[in-house]
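For reference, the structure discussed in these notes is given below.
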Amino acid sequence: MSNSTVISKKNYSGMIIAWVCVFSLGYAILRYHIAGTVPWKDFPFFIMNKGISLAAFILLTFNFSLGPLNNLGVKVPEGWLNSRKALGMTGFLFVLIHALMSFMLFKISVYGKFFETDGTITLMAGLSMLAGVLSMVILWVINLSFQTYLSEDKAFIQFITSRRFLLTAMLLGAAHLFFMGYKGWLDPSGWHGGLPPISLVAFVFFTTGYVINLFGRK
Ligand code: HEM
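For what it's worth, this note's numbering labels the leading residue of the sequence shown as 14, then goes sequentially.
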C-alpha cells in the first residue's frame with residue numbers, strides 16, 4: 014500500500030454539531046426572546062451562553078451514549094459512531110466557553126435567584142456552581158488524556174478514559190443543573206410559552222443518555 018493511500022471513514026461530526034447548535038440556540042431564542050421577555054440586546058452573551066451550555070450537554074451526552082445505544086441493538090449509523098470523539102471534544106470546548114461567559118455574567122443583577130439579599134450566594138447556587146466547576150475539571154482531565162505525553166502512563170490513562178470517569182463528570186454536570194433549576198422545573202405555570210427551562214431540557218437529555226449507557230455498556 015502506498016503512503017498516499019487514505020482510508021476515508023464516514024464522519025458526520027460537522028453536520029451533527031451544526032444541527033445541535035441550531036436546535037440549542039433556536040430553543041434559547043424561542044424561550045427567552047420570543048415566548049419570554051428578555052430583550053434582544055442580551056442575545057450575544059446572556060442568551061448565547063444558555064444556547065452554548067445546552068449544545069455542550071447534548072454533544073457530551075451523544076459522546077457517551079451512541080456506543081451503548083448501538084450495543085442495545087439500535088443500528089447507529091457508522092458516520093455517527095465515528096463522530097463520537099469530535100463530538101466529545103467540541104462539547105468540552107463549548108463547556109469552556111460557557112464557563113468563561115458565566116464567570117463574567119455572575120452578578121446579582123443578572124442572576125438574582127442565585128443570591129441572598131445581602132449579596133452572598135445561596136446554598137443551592139453554591140452546590141450548583143461547585144458541581145459545575147468539578148465537572149469541568151474532570152472533562153478537562155479527560156481531554157488532557159488525549160495528549161501524547163500522558164499516554165505513556167497506561168494505568169492512569171485507562172482510569173481517566175474509562176466510561177466511569179466520564180459519567181462522574183456528567184453526573185456532576187447533572188447536579189449543576191439540578192441545584193440551579195429544580196424549583197423552576199416544578200412550576201410549569203412559570204415556564205415562558207409553556208416551554209421547559211433549558212436546565213430541564215439538558216437534564217432530560219442526560220438522563221436518557223445515562224439510562225442507555227447503563228443498559229448498553231459492555
Ligand atoms: C466552571 C464551571 C461552570 C460554571 C461557572 C457554570 C456556570 C453556570 C451558570 C452561572 C449557569 C446559569 C446560566 C443561566 O441561567 O443563564 C449555568 C447553566 C448551565 N450550565 Fe453551567 N457552569 C459550569 C460548568 C458547566 C458544565 C461542566 C456543564 C456541562 C457539562 C454546564 C452546563 C450548563 C447548562 C446546560 C446550563 C443550563 C442553562 C440554563 O438553564 O439557562 N455547566 N452554568
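Every residue, glycine too, gets a C-beta built ideally from N, C-alpha and C.
Checklist entry - So is the beta-carbon of Tyr40 under 7 Å away from any non-hydrogen atom of the ligand HEM? => result As a working note, residue 40 is residue 27 in the sequence shown. Outside the cutoff, so no.
Checklist entry - Closer than 7 Å: is that where the CB of Asn62 sits relative to any heavy atom of the ligand HEM? => result By one-based count along the sequence shown, residue 62 stands at place 49. Yes; taking the cut-off as 7 Å, the Cβ of Asn62 has a heavy atom of the ligand HEM nearer than that.
Next on the checklist: Per the DSSP calculation, Phe13 is bridged to which residue(s)?
Outcome noted: In the structure as shown, the chain begins at 14 and stops at 231. Residue 13 is therefore absent and cannot be evaluated.
Checklist entry - Which two residues bound the contiguous alpha helix (DSSP H) that contains Gly229? => result The sequence position of residue 229 within the sequence shown is 216, counting from 1. Counting along the chain, the alpha helix (DSSP H) containing Gly229 begins and ends at Ile211 to Gly229.
Item to check | Neighbourhood of Lys196 by C-beta, 6 Å cutoff - its chain only, sequence neighbours within 5 removed | outcome: Against the sequence shown, residue 196 aligns to sequence position 183. Cβ within range, chain order: n/a, list empty.
Checklist entry - Which residue from Thr50, Ser66 and Gly186 puts its Cα closest to that of Val35? => result For the purposes of this step, residue 35 is taken as residue 22 along the sequence shown, with counting starting at 1. That would be Ser66, whose Cα lies nearest to the Cα of Val35.
Next on the checklist: Quick check: does the Cβ of Val146 come within less than 7 Å of any heavy atom belonging to the ligand HEM?
Outcome noted: Within the sequence shown, residue 146 is the residue found at index 133, counting from 1. Indeed, a heavy atom of the ligand HEM lies less than 7 Å from the Cβ.
Checklist entry - Is the distance from the Cβ of Gly101 to the Cβ of Leu143 below 8 Å? => result For the purposes of this step, residue 101 is identified with residue 88 of the sequence shown, where counting begins at 1. For the purposes of this step, residue 143 is identified with residue 130 of the sequence shown, where counting begins at 1. No, these two residues do not count as a Cβ contact at 8 Å.
Checklist entry - If you draw a straight line from the C-alpha of Pro83 to the C-alpha of Val154, how long is it? => result The residue given as residue 83 occupies position 70 in the sequence shown. The residue given as residue 154 occupies position 141 in the sequence shown. One detail in the question is off: residue 83 reads as Asn in this sequence, not Pro. Approximately 27 Å, taken between the alpha carbons.
Checklist entry - According to the neighbour-count rule (16 or more other Cβ atoms, all chains shown, within 10 Å of its Cβ), is Ser212 buried or exposed? => result Along the sequence shown, read from residue 1 onward, the residue named residue 212 stands at position 199. Label assigned to Ser212: buried.
Checklist entry - Got a sec, what are the start and stop residues for the alpha helix (DSSP H) Tyr195 sits in? => result Looking up residue 195 in the sequence shown gives position 182. That run of the alpha helix (DSSP H) goes Arg176 to Trp198.
Next on the checklist: Following a CB-centred definition, is Ile110 positioned closer than 7 Å to any heavy atom of the ligand HEM?
Outcome noted: By 1-based counting over the sequence shown, the position of residue 110 is 97. Ile110 Cβ: outside cutoff for every heavy atom of the ligand HEM.
Checklist entry - In the structure shown, what three-state DSSP assignment does Asp55 receive? => result As a working note, residue 55 is residue 42 in the sequence shown. In the structure shown, Asp55 adopts helical secondary structure according to DSSP, grouped into three states.
Item to check | Reference Phe105; option with closest CA among Phe70, Ala188 and Gly80 | outcome: Along the sequence shown, read from residue 1 onward, the residue named residue 105 stands at position 92. Measuring from the Cα of Phe105, the nearest candidate turns out to be Phe70.
Item to check | Alpha-carbon to alpha-carbon, Ile121 and Val89 | outcome: Along the sequence shown, one-based indexing puts residue 89 at 76. Along the sequence shown, one-based indexing puts residue 121 at 108. Going by the C-alpha atoms only, they are around 45 Å apart.
Checklist entry - Does the Cβ of Trp93 have 16 or more other Cβ atoms within 10 Å, making it buried, or fewer, making it exposed? => result Along the sequence shown, one-based indexing puts residue 93 at 80. Result: buried.
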